[in-house]
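In my numbering, the protein residues as written are 119 to 427.
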């Protein structure tokens, strides 16, 4: 594994893939200081063997995403009914996003993310093993020109620098979650799509389905996912999206599957790691906390530490 480089092809920029060995992931995480990108990443996972026989989660992250220095892509995929859907997303969701960005250069990014998820969902539903699905949370850190900055001018014979901003575009389906720390407070950037949610339950029933014991048609606990083609009439792949301009008071971001969030609320997660500068140690701290509090699911936790100039 090596650091992503803007000169590399998008496919070769994968910092960690769903198929990487634990040793490779550890080595990559330890080497994750990438000051030119303005952020560092830590990742920890655990099958939770006392509760689960297999690991069905996957993840991916990139530095300098799309060949642009400072951009990033971070994602976690929580699989069910096998790892097939999560593994496919870990290997291909970023590629689908890059293609959609290229095909729709003038569309707002949240719309592009919706197209990306719908296309990934379609591809999964065309695959064999159609019962597999995954909840997903992904974040696209994009470098944009400040509004009203105009083009670079010339001052004293030198080109004036164009002011830039960093915008975090988040998308999710299901109950995988992204939480931003802002001024020490937890800010949830995602929406939990569950059968227990009144708005989602109404949507299911309006389509002719039902929710029993907080499960879609008595089967699936989440109301949105990628894959799950046998329930696609009700369990859609359209994501909830948010757009957040990062500021100096945003030190870090947490992405995790419900294995963490079922036993730890947003603010507690932020408080646990807010004084930890190393994102790898921070992700390990959250993992240990989840296990100590009897999480019953696979665990995948990513911490992105931002560096502000």
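Where is the CB? At the ideal position from N, CA and C, for every residue including glycine.
- For residue 205, the enclosing alpha helix (DSSP H) starts and ends at 202 to 221.
- In this structure, 296 is the residue among 296, 181 and 287 with its C-alpha nearest to the C-alpha of residue 418.
- Distance from the CA atom of residue 413 to the CA atom of residue 253, rounded to whole angstroms, is 17 Å.
- Residue 157 sits close to residue 425, with the two beta carbons spaced by under 9 Å.
- Taken atom to atom, the span from the alpha-carbon of residue 236 to that of residue 312 is near 19 Å.
- In terms of CA proximity to residue 184, 214 leads the group 328, 214 and 194.
- Contact holds between the segment 391 to 410 and the segment 159 to 172, because three or more Cβ pairs, one in each stretch, are under 8 Å apart.
- Looking at the DSSP output, residue 372 shares a beta bridge with 297 and 421.
- Counting the other CB atoms within 10 Å of its CB gives residue 363 a total below 16, which places it among the exposed residues.
- For a cut-off of 8 Å, the C-beta gap from residue 411 to residue 382 is around 7 Å, short enough to register as a contact.
- Under the DSSP definition of a beta bridge, residue 181 partners with 190.
- By the Cβ-count criterion, residue 201 is buried, with 16 or more other Cβ atoms from all chains shown falling within 10 Å of its own Cβ.
- Here residue 339 carries a coil assignment [DSSP, helix/strand/coil].
- Taking 9 Å as the cut-off, the beta carbon of residue 238 is found closer than this to the beta carbon of residue 211.
- For residue 401, the enclosing alpha helix (DSSP H) stretches over residues 397 to 410.
- Counted as a single uninterrupted DSSP element, the beta strand (DSSP E) harbouring residue 164 occupies residues 157 to 164.
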